[in-house]
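Participant:
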Amino acid sequence: IKGIGSITTATLMAMLPELGRLSHKRIASLAGIAPHPRESGETKFKSRCFGGRSAVRKALYMATVAATRFEPLIRDFYQRLPSEGKPYKVAVTACMRKLLTISNARMRDYFAENDTAENGIRTA
1 IKGIGSITTA
11 TLMAMLPELG
21 RLSHKRIASL
31 AGIAPHPRES
41 GETKFKSRCF
51 GGRSAVRKAL
61 YMATVAATRF
71 EPLIRDFYQR
81 LPSEGKPYKV
91 AVTACMRKLL
101 TISNARMRDY
111 FAENDTAENG
121 IRTA
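Under full-length UniProt numbering, the first residue of the sequence shown is numbered 1, with each subsequent residue one higher.
#1: Whole angstroms is fine: what's the gap from V21's alpha carbon to R108's?
#2: Classify K44 as helix, strand or coil using the three-state DSSP reduction.
#3: Take F111 as the anchor and find which of G3, A28, L19 has the nearest alpha-carbon.
#4: Might you give, ordered along the chain, the residues of its own chain that have their beta carbon closer than 8 Å to the beta carbon of T101, omitting 5 neighbours on each side?
#5: Please look up how many angstroms separate the CB atoms of T93 and G3, rounded, as I've assumed it's under 8 Å.
#6: Rounded to the nearest angstrom, what separates Q79 and Y88 at their Cα positions?
#7: Can you round the beta-carbon distance between L60 and A31 to whole angstroms, since I take them to be within the 8 Å contact cut?
#8: Quick check on A34: buried or exposed, where buried means 16 or more other Cβ atoms within 10 Å of its Cβ?
#9: Going by C-alpha distance, which of E84, L81, P72 is nearest I1?
#10: Note down the Cα distance separating S54 from N114, rounded to an integer number of angstroms.
#11: To which residues of the same chain is G5 closer than 7 Å at the C-beta, ignoring the five residues directly before and after it?
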C-alpha cells in the first residue's frame, strides 16, 4: 500500500499485534478511529472518535497524508468526501480507517496463506 512505509509498518505490528486477527470494526476501535455515537434519551450528539492507541493513530495519520497523494484508492475516496460536504478532519479520519481496514484484510490474507502452507493444505 503506497503511503505505508517501514516505520508505519513497524508501529502497526508492534502496537497493534491483533492486526489481521480481528474484524475491521474492532481493529478500528482499538486504534481509536471508530466513531462512537453519543446519545442521552432523545438528545443525539455528534459521533466522535476517541480512545484507542495514540501511537497507532499518529502513524496512521502520517501514512494517510501520503496515501491521499499516492494511493489511487485512498486518493479517490479522500477527494469524494469534501465534495459531499465533509470537513477536512472527518475526511482524513475516514481515510485512516479505510487504510487500516485494507491493512487488516491484507494481514488476514497473509496469515491464512501461511497457515495453509505450514499445514501442507495449500492448493494450486
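Ideal Cβ placement from N, Cα and C applies to all residues, glycine included.
Facilitator: Reading from the atomic positions:
#1: A small fix is needed here, since residue 21 is Arg in this sequence, not Val. Those two C-alpha atoms are separated by around 6 Å.
#2: strand
#3: L19
#4: H24, I27, A28
#5: Rounded, the Cβ-Cβ distance is 15 Å, inconsistent with contact.
#6: 10 Å
#7: 7 Å
#8: buried
#9: P72
#10: 30 Å
#11: none
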